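Each remark here refers to the structure printed beneath this line.
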Amino acid sequence: MSLLTSLARLRALEEGIAQPIATVRHCHLSERPMVLIPLRMSGEAAAPLAAMLGTRRDDPRLLVVTQPRNRDLRFAWTADLAAELLPYIGSFLAGTETVERKNADPYERVLDAPQILVPNQAGIAFVRLLGRSTRFRRADGPYPVPETVPLLGRWLTYFGERAAHPGSSLMTAATEELGRHWASGQSGLEDANLAALMAWITTGPSDDAEDPLVWPPAGPATDPGFDAEVLATAIEAGAAERITEALRGQLEPTWRLMWQAVDLLRGLPEGASVEQRWEQDRGSFSAMAAHIAEGAPPQARRDGAVAAASRLARMERAQAAYEVQRAYDDPLVMAEYRLTGEAFAGEVVETEPEHSEGEGRSRKLRPLVVVKTDDPVRLAPGTALGTPQRRAQGAQLVEARDGLVTVKITKGMGRGKTPAPGSVPEVGERVCYTSLTDDFQGSPALPEAEATPWTHGGPPREYTPSDEDALEEWS
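Under this note's numbering, the first residue of the sequence shown is numbered 6, with each subsequent residue one higher.
This is how it looks when you write it as structure tokens:
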């Protein structure tokens, strides 16, 4: 947790209301998101109990396993889930665009992509585990399942794994995104309670928000009291209608909270870099759809050594890019780096637009800008700098002394003998410079899955009986 976030939490505790820690929204929000709230049976890691899902707040679809220990009913439930999710996913495959790339063949990318919203990180983990438990199943042989079940498993695995990719919005947890934009007066662990976090953001902390009788858990685990007093007796009695209505009562409050969370996030303006990350999501989704259409086998259960190293390197690059993008998009995020001396902001007090270095043909235009700042500058002379105000521009720190920082602009002034209009800050303009480089801006969004088809990094292997043996909870 950063220092400014810690201060925001203390202020939230003092004032009794969550404090904003972002001025823009750092995630994409679809016009037609699929809200999914899964519940699992207590004591069973991947045994589904129920799910409420849908793309419209006034039309939720409830799916219930009335006898969770019955294997056939569990797979029938999964087939029902596939009947809801697969058409939604497939509806985004019709419209495509051709994306040109330097030194590579063009590729087809969907115009839009599906987005699945779940209440919390535990919901993402359950989706990923459900995908692992179903993607190796077969429609023939022993223990056959409907054909849509393994296909759904492959998609759930993909969305679950993609959720771990920094900056991805294909599958997001409401608590995660809310916590990225508001700081409550409770711990990070308590923020995993959607009802409690929403109360902090909207009205302030409330005892009712932590009362499972008023606001049941957002899943996938259910309240132990509900399990013992309501669910267990209904299951033993074989009362399907009682089970369905009891689970509806557990899910409907979270359903309302999920759409309220969507409204809160949609109320923030979208960050400038969100669209670029969504293009990358669309490219990844397009490549996954292409691999499935080509008849490729399911994703491998685990990475090999080389694939794991490659995956880790990609994730580290994506994380670094995401952190820089957030800082460039949001002054509140950039404030963290100003506090540590990695960035500074201030007013331009002097400029030398036509300053140059070298002579003759080697002469290069290098305008100088002097910025007056109150921020601590802990950067060495020669440090490469970027600026959110002019993202295509590169600069270099010349000197920092007595609150005056001299910056040399090295690129982004045009190709003329004098700087292009607007490329050099004017006296009186407020600017921000940082050692966080923004070189990734403007790079083409590559279809990640084209290079690493299964998000695990290596080529998928064929199905083997050991895969099915590993999923004893479903056998």
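Glycine residues also receive a C-beta, built at the ideal position from the N, C-alpha and C atoms. Computed from a prediction, not measured in an experiment: that's the story for all the values here.
- Ranked by Cα distance from Thr411, the first of Val403, Gly417, Gly427 is Val403.
- The beta carbon of Pro73 is closer than 8 angstroms to those of Met46, Glu49, Ala52, Pro53, Leu54, Arg79, Ile240 in its chain, skipping five residues each way along the sequence.
- Exposed is the label assigned to Gln126, since fewer than 16 other Cβ atoms lie within 10 Å of its Cβ.
- Taking the CA atoms as reference points, Glu284 sits about 32 angstroms from Gly346.
- Bounds of any alpha helix (DSSP H) do not take in Gln401; it lies within the beta strand (DSSP E) bounded by 399–406.
- Rounded to the nearest whole angstrom, the C-alpha separation of Glu19 and Arg383 is 33 angstroms.
- Runs of the beta strand (DSSP E) spanning 3 or more residues and lying entirely within the segment 216–265 do not occur at all.
- DSSP, read as helix, strand or coil, puts Pro336 in helix.
- Between Gly387 and Gln401, the alpha-carbon positions lie close to 6 angstroms from each other.
- With respect to the 8 angstroms criterion, Met418 and Pro424 are classified as neighbours on the basis of their beta carbons.
- Separation of Asp117 and Thr249 (C-alpha to C-alpha, rounded to the nearest whole angstrom) is 35 angstroms.
- Residue environment: Thr208 is assigned as exposed (fewer than 16 neighbouring CB atoms within 10 Å of its CB, all protein chains considered).
- Secondary structure remark: continuous beta strand (DSSP E) runs of at least 3 residues inside the segment 55–100, in chain order: 66–69.
- Under the three-state reduction of DSSP, Asp213 is assigned to helix.
- Tyr112 is bridged by DSSP to Val104.
- Each of Ala197, Val436, Arg14, Met320 was checked against the Cα of His170, and the nearest Cα belongs to Met320.
- In the three-state reduction of the DSSP assignment, Arg45 falls in the strand class.
- Judged by DSSP secondary structure, Glu181 falls within the alpha helix (DSSP H) whose first and last residues are 179–186.
- If you check the CB distance, Pro336 and Thr28 come in under 8 angstroms.
- Within 10 angstroms of the beta-carbon of Ser96 lie fewer than 16 other beta-carbons, which makes it exposed.
- A straight line joining the alpha-carbon of Gly408 with that of Glu434 spans about 16 angstroms.
- Residue state for Glu434 is assigned as coil, using DSSP reduced to three classes.
- The C-beta separation of Gly158 from Arg133 comes to about 10 angstroms, leaving the pair out of contact by the 8 angstroms criterion.
- By the CB criterion at 8 angstroms, Met176 and Ile129 fall inside the cutoff.
- Pairing Arg322 with Ser192, the inter-Cα distance amounts to about 29 angstroms.
- Assignment of Ile206 by DSSP, reduced to helix, strand and coil, places it in the helix class.
- Beta-bridge annotation (DSSP): Lys416 is paired with Gly399.
- Put simply, of Arg396, Leu236, Ile42, Gln24 the residue whose alpha carbon is nearest the alpha carbon of Gln330 is Arg396.
- At a Cβ-Cβ threshold of 8 angstroms, Glu102 and Leu58 do not count as neighbours.
- Taking a cut-off of 8 angstroms on C-beta distances, the segment 20–39 touches the segment 267–282, as three or more cross pairs fall below it.
- Looking only at Ala201, Leu269, Val353, the smallest Cα-Cα distance to Gly21 is reached by Ala201.
- For the pair Val40 and Leu122, the CB atoms are nearer than the 8 angstroms cut-off.
- In this structure, Gln281 is the residue among Thr162, Gln281, Pro119 with its C-alpha nearest to the C-alpha of Asp334.
- Runs of the beta strand (DSSP E) lying entirely within the segment 344–371, each at least 3 residues long, are 348–357 in chain order.
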